[in-house]
Each structure stands twice: as C-alpha cells, then as structure tokens.
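Enquirer: Once you know that position 180 of the sequence shown is 424 in this note's numbering, the rest is easy, because the numbers rise by one and skip nothing.
Sharing a structure, written as structure tokens. Questions coming.
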Amino acid sequence: MAHRGGRHFLQIPGPTNVPDRILRAMDRPTIDHRGPEFQKLGREVLDGIKPVFGTTQPVVIYPASGTGAWEAAIVNTLSPGDKVLMFETGHFATLWRGLAQRFGIETEFVPGDWRHGVDAGVVEAKLREDTGHAIKAVMVVHNETSTGVTTRVPLVRQAIDRAGHPALLLVDTISSLGSIDYRHDEWGVDVTVAGSQKGLMLPPGLSFNAVSEKAMAASRNNRMPRSYWDWQDMAKPNQNGFFPYTPATNLLYGLREAVAMLMEEGMANVFARHDRHAEATRRAVRAWGLEILCAEPAEYSSALTAVMVPDGHDADELRRVILDRFDMSLGAGLAKLAGKVFRIGHLGDFNDLSLAGTLAGVEMGLSVAGIPHRSGGLDAAMRFLEGNGGEAKKAA
Ligand code: PLP
C-alpha cells in the first residue's frame with residue numbers, strides 16, 4: 245500500500261508493535277554462534293528471561309513460532325497413548341488439542357462455550373475420578389487469544405493438589421507472558437509455553453518452554469520420538485550459553501533488549517499498565533453499548549478484549565473499514581466466532597495515547613460501518629485514564 249503518513253496501528257493481539265529500542269538492538273551484525281561474543285549474549289538471555297516467567301528453573305529458547313513450543317511441551321513429557329485433560333476454552337485450546345492428538349495422545353476435552361476459562365472444580369472432579377492416574381497432564385491456555393478470557397492458573401494448581409493427583413501442569417502463556425501476572429514457580433507449573441511476538445514485544449520467531457524439575461525428569465523417561473525439540477540436547481550447551489544448532493542470533497539481541505525494558509519498568513508495573521488499559525477498553529465497549537465476549541469479570545483478559553457485534557452485522561466488514569480508513573489492524577473472530585467478534589489488542593509496547601488512538605479508530609469505524617452503537621466510548625476511556633486508572637492502579 246502507498247505511504248499515507250503516520251504509523252500503522254497494529255492492534256491485533258499479537259504480533260504486537262515492536263519498539264524502536266528493540267528494532268535498533270537487532271540491527272547488528274550476525275556473529276559466530278560458537279564464539280565468545282555469542283556466549284555472553286546466550287548467557288544473558290538464558291538467565292535474563294527467567295524472571296519474566298517467574299522462575300529460577302531452566303527456560304529453553306527455540307527458533308520457532310509458538311506452535312513449536314506447544315509441540316516441544318508435549319513431545320518432551322508425554323508418551324504415545326498417554327491421556328491428558330484439556331478444556332475447550334477457545335480456538336487455541338482446540339488447536340493445541342489437535343496437535344496432541346497427532347502424537348497419539350488421548351485427549352479428554354471438556355466442552356466449553358468460548359466465554360469462560362477453565363473450571364477448576366471440573367479439574368478436581370476429573371482428577372478425583374482418575375484413581376488409576378491414567379491422566380498424565382492437565383493442559384490449559386492461560387490467556388485465550390481467540391476470546392479474551394483468562395484461566396486462573398493458581399486455581400487449577402490448587403485443584404490438582406486437592407485431588408492429590410500427580411499429573412503435570414502444562415500452561416500456554418503465548419499471549420499472556422509479559423502482559424498478565426504469571427508465576428511459573430510459585431504456581432507450580434511444570435511446563436510454561438510462550439512466544440516472542442506478544443508481551444515480549446519482539447517479532448515472531450522465538451518460543452519458549454520453562455521447565456520444572458518434575459517435567460525435566462519426565463523428559464528423561466518418556467517414549468515420544470523427537471529430535472529438534474529435545475530438552476536434553478539443549479540443556480548441556482545452554483549451560484555455557486550455547487545452542488545445539490544455529491540460534492536466531494538477531495532475535496536474541498532483541499530479546500536481551502526486551503528483557504532490559506521489562507526489568508526497567510518492573511514486572512508489577514507492566515502488569516498494572518496492562519490491567520489499566522484493559523479496564524479503560526472495557527469502559528469504552530460498555531459505553532458503546534456493545535457486549536464483551538468474556539462472560540466472567542474475574543476472567544477478563546488484560547491483553548486483549550473481544551467485542552461482539554450485534555446480530556445481523558459483520559465484524560469483518562468493520563475491520564475492513566477500519567483498516568481502509570484509519571490504517572489500523574484489529575484481530576478477527578476465529579473459527580466459530582468468525583464475523584461475530586473483533587478483538588482489540590492492548591498489549592506489549594502500549595501507552596495511554598496508543599490506547600486513545602486505538603479506541604478513536606474503533607469508534608469512528610463503528611460509525612462508518614453503520615454498526616448500531618452509542619458514541620462516547622473513547623470519552624469513557626479518557627475519563628478513566630485521566631483519573632489515572634483508580635482501581636486497576638491500586639491492584640499493582
Ligand atoms: N497459543 C496461543 C494462546 C496463541 O495466541 C497463539 C498464536 O496466536 C498460539 C498458541 C500459536 O502460536 P504461533 O502462531 O506463534 O505458532
């Protein structure tokens with residue numbers, strides 16, 4: 245498209261806007277990945293990323309999209325024929341289940357309405373029923389990017405513990421890490437799956453497994469064939485800052501900068517910033533008279549908000565108008581939500597005025613596309629932001 249002035253607003257829920265600081269940090273020569281300069285970088289990123297996961301345990305970094313790290317979590321811990329417990333929270337939970345099935349995993353998939361997170365009561369009941377401990381893992385998506393609904397991971401952990409069940413807990417944080425409060429160690433998660441292109445503010449191309457001791461032990465005994473994803477192959481070279489194959493060196497420069505930026509701001513402040521922008525967005529949506537897809541306030545996502553368009557109207561047409569007129573990309577409704585919702589990403593490198601611009605674009609788009617709504621959404625968000633975001637700020 246011909247240049248039209250100003251910046252494109254990339255307000256899909258990932259990939260997110262890459263800050264200039266990170267672009268500059270990556271704009272460097274690619275170096276010898278077996279040499280001393282790389283070793284320093286490798287050590288810095290392998291150690292530096294740990295606090296972002298809330299862990300002191302190993303974090304494996306793959307040159308791959310998030311789907312690769314999904315696969316890695318499965319092939320390192322499970323064996324063909326193993327049973328796992330999963331929940332239909334939305335499109336990404338459904339995709340992860342499909343991936344597991346291709347590896348011969350038997351997936352018990354608890355149906356859901358795509359408006360709620362995982363019900364910890366069901367986790368406990370299913371695990372209590374499983375007296376023979378056939379279920380080897382509970383696999384949940386922390387932030388369902390397709391719906392804007394989070395699952396309260398500590399409640400899932402507590403449910404597993406109350407049932408006294410030895411299943412591993414595998415959690416997808418691809419669209420929550422670095423945006424929504426998350427604690428791998430404190431919450432007793434065994435494998436945390438993450439990606440570079442959302443809260444970490446990097447381009448796509450890196451993904452991660454944070455690995456508990458229990459998961460590492462499972463990887464020494466499980467029977468799933470694997471090669472590229474093998475944690476054991478990573479562990480030894482990683483100890484010295486190296487990788488078993490050619491790493492994505494320039495993305496690692498970017499990762500070092502992203503971690504520095506998150507640490508400068510402080511993780512608690514990063515989470516509070518996202519909570520505040522999410523609350524401002526919801527106030528705008530309510531003022532427009534539109535409905536938020538997430539049905540449970542305790543499960544609202546601070547990374548994105550999925551908004552339902554009234555029956556008889558097409559969310560994709562609204563997105564098309566907004567892209568065409570205001571040069572902003574919003575997230576589409578996925579799978580069974582196609583055309584029914586649009587998703588506002590408010591994560592990553594984002595501040596009050598980026599949110600105000602985003603909401604202005606949505607509000608103008610609603611008018612241009614002829615979607616029935618009330619004006620005043622942007623105004624409601626501004627009133628909240630200028631008051632400095634009361635509630636959400638205090639929560640920090
Ligand atoms: N899981 C979640 C929650 C996601 O949002 C995504 C992508 O958006 C994925 C998994 C898949 O990751 P990727 O597209 O990087 O392979």
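Yeah, the Cβ is synthetic: ideal placement off N, Cα and C, and Gly gets one too.
Give me, in chain order, the residues of the same chain whose beta-carbon lies closer than 8 Å to that of Pro259; leave out the 5 immediate sequence neighbours on both sides.
Expert: Within the same chain, Pro259 has close Cβ partners Gln441, Lys442, Pro447, Pro448.
Enquirer: Quick one: give me the first and last residue of the alpha helix (DSSP H) that Glu607 is part of.
Expert: Its alpha helix (DSSP H) spans residues 596-612.
Enquirer: Taking 8 Å as the threshold (C-beta atoms), are His521 and Phe570 in contact?
Expert: No, the pair does not count as a contact, with Cβ atoms beyond the cut-off.
Enquirer: Less than 7 Å separating the Cβ of Trp532 from some heavy atom of the ligand PLP?
Expert: No, the ligand PLP has no heavy atom inside 7 Å of this Cβ.
Enquirer: Which residue's Cα is closest to the Cα of Leu562: Ala582, Gln283, Ser456, Asp271?
Expert: For the residues Ala582, Gln283, Ser456, Asp271, the minimum Cα distance to Leu562 belongs to Ala582.
Enquirer: Would you say the beta carbon of Phe336 comes nearer than 7 Å to a heavy atom of the ligand PLP?
Expert: Checking every heavy atom of the ligand PLP against the Cβ of Phe336, one is found closer than 7 Å.
Enquirer: Any heavy atom of the ligand PLP within a distance shorter than 7 Å of the CB on Trp314?
Expert: Checking every heavy atom of the ligand PLP against the Cβ of Trp314, one is found closer than 7 Å.
Enquirer: Determine the DSSP secondary structure at Asn453, reduced to helix, strand or coil.
Expert: Asn453: strand per DSSP, three-state reduction.
Enquirer: Please report the straight-line C-alpha distance between Arg341 and Ser546, rounded to a whole angstrom.
Expert: Their Cα atoms are separated by approximately 24 Å.
Enquirer: So, helix, strand or coil for Leu254, using DSSP?
Expert: Strand at Leu254.
Enquirer: State yes or no: is the C-beta of Val262 nearer than 7 Å to some heavy atom of the ligand PLP?
Expert: Answer for Val262: no, Cβ out of range of the ligand PLP.
Enquirer: If you draw a straight line from the alpha carbon of Ala369 to that of Glu352, how long is it in whole angstroms?
Expert: Between Ala369 and Glu352, the C-alpha separation is close to 13 Å.
Enquirer: Could you tell me the distance, in whole angstroms, from the CA atom of Leu603 to the CA atom of Met552?
Expert: The straight-line gap from Cα to Cα measures roughly 15 Å.
Enquirer: Around the Cβ of Arg500, are there at least 16 other Cβ atoms within 10 angstroms (buried) or fewer (exposed)?
Expert: Arg500 should be labelled buried.
Enquirer: Ends of the alpha helix (DSSP H) at Arg500?
Expert: Arg500 -> alpha helix (DSSP H) spans 493-509.
Enquirer: Taking C-alpha atoms, which residue in Leu496, Pro616, Ile536 lies nearest to Pro273?
Expert: When only C-alpha atoms are compared, the closest one is Leu496.
Enquirer: Quick check: the region 305-313 against the region 385-395, are there 3 or more CB pairs under 8 Å?
Expert: With a cut-off of 8 Å, the region 385-395 and the region 305-313 do not count as touching, because too few Cβ pairs lie within range.
Enquirer: Under a Cβ-count criterion, where at least 16 other Cβ atoms within 10 Å of its own Cβ denotes burial, should Leu267 be classed as buried or exposed?
Expert: Exposed, because fewer than 16 other Cβ atoms sit within 10 Å of the Cβ of Leu267.
Enquirer: Between which two residues does the alpha helix (DSSP H) holding Met626 run?
Expert: First-last of the alpha helix (DSSP H) with Met626: 621-630.
Enquirer: Could you check if Thr434 is buried or exposed, using at least 16 other CB atoms within 10 Å of its CB as the buried criterion?
Expert: Note on identity: in this sequence residue 434 is Asp, with Thr being the wrong assignment. Answer is buried; the Cβ neighbour count reaches 16.
Enquirer: Within 10 angstroms of its Cβ, does Lys638 collect 16 or more other Cβ (buried), or is it exposed?
Expert: For Lys638, the pLDDT reaches just 45, beneath the cut-off of 50, and the residue's location in the model is therefore unreliable, leaving the point undetermined.
Enquirer: Compute the distance between the beta-carbons of Pro491 and Met478, then report whether it is under 8 Å.
Expert: Going by C-beta atoms, Pro491 is not nearer than 8 Å to Met478.
Enquirer: Just confirm the distance between the C-beta atoms of Leu548 and Leu591, as a whole number of angstroms; I'd bet it's less than 8 Å.
Expert: Indeed they touch by this definition, with Cβ atoms about 7 Å apart.
Enquirer: Could you check whether Val400 and Val367 sit closer than 8 Å to each other, using their CB atoms as the reference points?
Expert: Taking 8 Å as the Cβ cut-off, Val367 and Val400 qualify as a contacting pair.
Enquirer: Could you check where the alpha helix (DSSP H) with Met478 kicks off and where it finishes?
Expert: That run of the alpha helix (DSSP H) goes 475-483.
Enquirer: With DSSP as the reference, label Ser573 as helix, strand or coil.
Expert: Ser573: strand per DSSP, three-state reduction.
Enquirer: Skipping 5 residues on each side, what residues in its chain have a beta carbon closer than 6 Å to that of Gly633?
Expert: Answer for Gly633: Arg520, listed in chain order.
Enquirer: Cα-Cα, which of Phe347, Val289, Gly575 is closest to Ala316?
Expert: When each option's Cα is compared against that of Ala316, the closest is Phe347.
Enquirer: Measuring from the CB of Ile418, is there a heavy atom of the ligand PLP at a distance below 7 Å?
Expert: Yes, the ligand PLP has a heavy atom inside 7 Å of this Cβ.
Enquirer: When you compare only the Cα positions, how much space is there between Ser598 and Ile256?
Expert: If I take the Cα positions, the gap works out to 13 Å.
Enquirer: Might you give, ordered along the chain, the residues of its own chain that have their beta carbon closer than 6 Å to the beta carbon of His409, omitting 5 neighbours on each side?
Expert: Result list for His409: Leu371, in chain order.
Enquirer: Check the DSSP bridge columns for Lys370 and list the partner residues they point to.
Expert: According to DSSP, which records beta bridges pairwise, Lys370 is partnered with nothing at all.
Enquirer: My parser needs the beta strand (DSSP E) runs of 3 or more residues fully inside the region 504-572; what are they?
Expert: As far as the region 504-572 is concerned, its whole beta strand (DSSP E) runs of at least 3 residues are 548-552.
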